[in-house]
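J.: Position in the sequence shown (from 1) plus 140 gives the number in the working numbering. Backbone N, C-alpha and C fix where the C-beta goes; we use that ideal spot for every residue, glycine too. Got a structure for you, written out below as structure tokens; questions coming shortly.
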Amino acid sequence: MIAGSRGPVAVRLLPISGAGLEKSGPGSLPSTATVADKHLGRGSADFFLLLRDNVMMSLWGWLWLLYCLHVPGCVWGLDGGGEGACRLVAKPVSGSVYRAGDVVIGGLFPIHVEAPLPEQEFRSIKGNSTCTIFKQRAYRWLQTMIFAVEEINRDPALLPNLTLGFLASDTCRTEGITLGAALAMVTGKEASVVGTECGTTPEVPVIIGDAHSSATMVVAQTLGPFDLPMVSYFATCACLSDNWRYPSFFRTVPSDAFQARGMARLLRLLRWVWVGLVSEDDDYGRFGVQLLLQELQGSGVCVAYSEVLPKLPSKRKIRHIADTIRGSTARVVVAFALMEEVVRQNITDKQWIASESWVTYTTIAAPKNLPSLAGTIGFALKKADIPGLGPFLTRLHPDGDYQKSDPFLRELWEEMFGCSLGVDLSVTVPSRRQCTGSEVIREGESQYADVSQLRASYNVYKAVYAIAYAIQDMMACQPGDGVFNGGQCPDIRKLQPSQIVHYLRGVNFSTPVGESFHFDMNGDPPASYDIINWHVTPEGTAEFVQVGHFLSSEGSDDQFHMDMDKVMWGGGSGEEVPVSVCSADCPPGTRHAVQKGRPVCCFDCLSCAEGEISNTTGSVECIRCPERFWSNPDRTACIPQLVDFLSYSDTMGVILSVISVSGATLTAGALATFLYHRHTALVKANNSELSFLLLLSLKLCFLCALVFIGQPKPWTCMLRHTLFGISFVFCISCLLSRTVVVLVAFRATLPGENLMRYFSPTQQRMGISLCTLIQVLICVLWLALAPPQPAERGGREGRGPRVVLECEVGSVVGFSLVLGYIGLLASLCLLLAFLARKLPDNFNEAKFITFSMLIFCAVWISFIPAYVSSPGKYTVAVEIFAILASSFGLLFCLFAPKCYIILLRPERNTKKHMMSK
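This is how it looks when you write it as structure tokens:
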């Protein structure tokens, strides 16, 4: 299973893709990395000599093919007696199996995976070079091709009166030998061919192969200009779908582009958003990773690391890759290649996602690897049961006829039974016993005879049938209805490659196992994958269990199904789906905040801002609450905003209401006291009419505060400001008139002055009415032009958890005029009271007025900053407080001393006492 290392710095790699196959994408011929990998540890000189030999082989092959295909008298020349000849420059290294037929189908199979060392002295042609490391599964592919050919030849309905032949060659999994084998199929193996022996058609008009993408591209690029078709059964590189570069290339295996699509679908389905990538340094690995990354763009899946296994690895590099896999928080690893270091370091906490190249490779699924690889999930080519293939594979026997026709049978026999068929002791392994020849191949006892996982073998089977049905369509052509040279039909006995290409594009048939098959415009088949899960049996062996399927083709919707109940998860998760994330999903109420310099899957969780919520786990952004809604404390739901206003149910509203009513009650008590004692000297001396008006206005001032409490409505908003403005102007006007009367009465006692005639009760009433009327006019204009209206006001940007319902003034100018007019009257009253402060001691009315106006002005001056800075409903409370404070100031300063004398010191409520000084 694991190739041995050469030298102290070599590393063992688990072979992938069937018989240790390497799959590749676009490349030049030949692959330097592939050649170097085969001879790791033999020195740099050997490597460069091997490279030079392969390059020269490919270059000679190109020149030879170009010459032979265009010069008359050569293999593809015109009939005639030209004396020109083609000479075989070098013999193919690989072995081959041949059977004659009317149409011979070529086949390229990596029976061996290590090519021989090249000639290093370049003094003579080296002979008897053979490839090594026999692979049973690739030989089964070859036998499947033979089985399909014989089955078609026995079918009377398919290709009647025509016999298919085959020529299958070993490629040794190297580009140079693959190209040499393909050229030998096309031109033949004769050492020299003269013009009289040349025909007009190639020896093999169509080739099945290769399994190796890089080698397939080399051959397709070489034979493509001559329209010689290739039908590959295992070359999956998406680059081969380029119909412009490879116009005569077809394949029965899906492109890696579909596998990448399925892998991306699997990662998204299981919410594996933090994954690692491992690939080999070849075209298959590079293009596989590239296609997967393209499919993952915008899906939310991030790549934690992408490690590449180099062609010439060192222990330090491999150990670094293994340490990266072990130390990463990504529990899911998508692997296009594996390395033994994973098993050696006992990395058992990872969920492996396998590509189709190794997911059903029984050698990798050995019991010793299951502690690390159990639970692997991967995409495998569609499996099929081919009736009769099992007995056909076990028919082989190492007698003389078989060994003469099949140069690979001896190696198969020795590999399977651990014995030696060689009679020459020099070529017999000393530790092996001699084969008896009576050994029997039984189904399922070897990789060759295992027909339980016919996947690549089924692709070989379909390739043969595709060619057969293309030839069948040719035979059905009626003269005059053909597509070549004015309606001509192809000559079946002299098939041209371009004719096969044309009919291959149109094949549409059902295989003997019942599957419908056709090629699309790029030569690709519909993609069909089985999703395989590695289960561990009670015996400790691996069992490939199909847990789903993935169907995809260009121009149609993908079909993805996976039975989660049948999956055994890897990484020690058991029956629970592994979690592979860089950062755990943010809980509701928070959002993702990407960490600087890291992928989007790595994030911190930040709480949503006020007014925003996230009600799901893993929210990328918070959602702003709609109008009239706000976020709850947990930021998980939007709740209706609380409408807040100073109501009678609030504690503050109750307190202010009680104070307002108390003030109105005290005012009413004072009014009743004055009314009851209206004939006493003190009441008469204080102008009882003005006192009554002043007490009435103070009562209105106390009561107007109640209008500010409660839910604002249009009529209450207009009433509260106008009632407040008019009541206070009425009060200040009465107080101003009283101040003027006191001042004039004092001045009137001077000889020669008669001012009291201008301040009779009628004139005082007119003055009060005039001052109040001015405020009434201001309020009427204010209400007419821009009246106060209820409005909502909240926190940030006009929004908040509470929406405050308040009265907007409507017109700032109107509100300012109302307050300014009150301030003007209050200032004038204060000034006049200050001028009249020096009255007789027993007549201190002017001093009381002065004190009351000082309190009034102090309260309203303090009101301005408090009103501006108070939030929400507290602005209304500040305004009510100012109204009540100023009203109480006027009430107590003006009427408390008088009520004290009237009620408690009646002896002082006499004219004699009033006039004593």
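1. Please list the terminal residues of the continuous beta strand (DSSP E) segment that includes SER656.
2. By Cβ distance below 6 Å, which residues in the same chain neighbour PHE700 in space, the five residues on each side in sequence not counted?
3. Once the 5 residues before and after SER831 are set aside, which same chain residues still bring their CB inside 6 Å of it?
4. Look up LEU838 in the DSSP assignment and say whether it is helix, strand or coil.
5. Does DSSP classify PHE769 as helix, strand or coil?
6. Return the CA-CA distance between THR502 and VAL346, expressed in angstroms with no decimal places.
7. Secondary structure at THR284, three-state DSSP: helix, strand or coil?
8. My assumption, with CB atoms under 8 Å, is that ALA966 sits in contact with MET993. Please give the rounded CB distance.
9. Less than 8 Å between the beta carbons of GLN929 and CYS857, yes or no?
10. Rounding to the nearest angstrom, what Cα-Cα distance links ILE245 and LEU307 in this structure?
11. Taking HIS817 as part of the alpha helix (DSSP H), name the residues at either end of that continuous run.
12. Which class does PRO930 belong to by DSSP, given the choice of helix, strand or coil?
13. Only counting the same chain, and skipping five residues up and downstream in sequence, which positions put a Cβ closer than 6 Å to that of THR284?
14. Less than 8 Å between the C-beta atoms of VAL472 and CYS442, yes or no?
15. Let me know if THR757 comes out buried or exposed under the rule of 16 or more other beta-carbons within 10 Å of its beta-carbon.
16. Residues in its own chain within less than 6 Å of PHE374 by CB, not counting five upstream and five downstream?
17. Taking Cβ positions, are TYR961 and VAL869 nearer each other than 8 Å?
18. Report the rounded CA-to-CA distance for ALA986 versus ALA924, giving the unit in angstroms.
19. Could you give the distance in angstroms between the alpha-carbon of CYS137 and the alpha-carbon of MET614?
20. Are ALA116 and GLU315 close, meaning C-beta to C-beta below 8 Å?
21. What do you get for THR677, buried or exposed, if any count of 16 or more other CB atoms within 10 angstroms of its CB means buried?
22. Using 10 angstroms around the beta-carbon of ILE124, count the other beta-carbons present and answer buried if the total reaches 16, otherwise exposed.
23. Mind checking ARG426: buried by the 16 CB within 10 Å criterion, or exposed?
24. With DSSP collapsed to three states, give me the class of ASN755.
25. Alpha carbon to alpha carbon, what distance is there between GLU254 and SER109?
26. Contact between the stretch 513 to 523 and the stretch 661 to 675: three or more CB pairs below 8 Å?
27. Helix, strand or coil for GLU683 per DSSP?
28. Please state the DSSP three-state secondary structure of GLU555.
29. Report yes if the C-beta distance between VAL685 and ALA524 is below 8 Å; otherwise report no.
30. As a quick exercise: from LEU875, ILE1023, LEU910, pick the residue whose alpha carbon is nearest that of ILE1096.
31. Please report whether the beta-carbon of ALA589 lies at a distance below 8 Å from any beta-carbon of chain D.
32. Could you give the distance in angstroms between the alpha-carbon of LEU972 and the alpha-carbon of ASN772?
33. What beta strand (DSSP E) runs, 3 residues minimum, are completely inside the stretch 479 to 507?
34. Tell me, which residues are paired with GLY344 by DSSP?
35. What does a CB cutoff of less than 7 Å around TRP674 pick up in its chain, not counting 5 residues either side in sequence?
36. What residue from ARG933, GLY737, ASP725 has the CA that sits closest to VAL760's CA?
T.: In short, the structure shows the following:
1. Annotation: the continuous beta strand (DSSP E) that includes SER656 extends over 656 to 658.
2. ARG405, PHE690
3. Cβ-Cβ distances below 6 Å link SER831 to PHE814 in the same chain, with the five nearest sequence neighbours on each side left out; the list follows chain order.
4. helix
5. strand
6. When rounded, the distance between both Cα atoms is 32 Å.
7. helix
8. 6 Å between Cβ atoms; contact.
9. yes
10. ILE245 and LEU307: Cα-Cα distance of roughly 6 Å.
11. Run containing HIS817: none; DSSP gives neither H nor E here.
12. strand
13. SER597, VAL600, TYR601
14. no
15. exposed
16. ALA351, VAL393, ALA596
17. Yes, they are a contact pair.
18. 39 Å
19. The structure shown has nothing for residue 137, since the chain only spans 141 to 1057.
20. The structure shown does not extend to residue 116, since the chain is modelled only from 141 through 1057, so no value can be given for it.
21. exposed
22. Any question about residue 124 goes unanswered here, given that the chain covers just 141 to 1057.
23. buried
24. Note: ASN755 maps to coil in three-state DSSP.
25. Residue 109 falls outside the range modelled here, since the chain spans only 141 to 1057, and no answer is possible.
26. yes
27. strand
28. helix
29. no
30. The structure shown does not extend to residue 1096, since the chain is modelled only from 141 to 1057, so the question has no answer here.
31. As a matter of chain content, chain D is missing from the structure shown, which is built from one protein chain.
32. 58 Å
33. 491 to 494
34. Sequence inspection shows Val at residue 344; the Gly mentioned does not correspond to that position. In DSSP, VAL344 forms no bridge with anything.
35. Around TRP674: ALA505, LEU513, ALA514, GLY515, THR516, ALA682, PHE684.
36. ASP725
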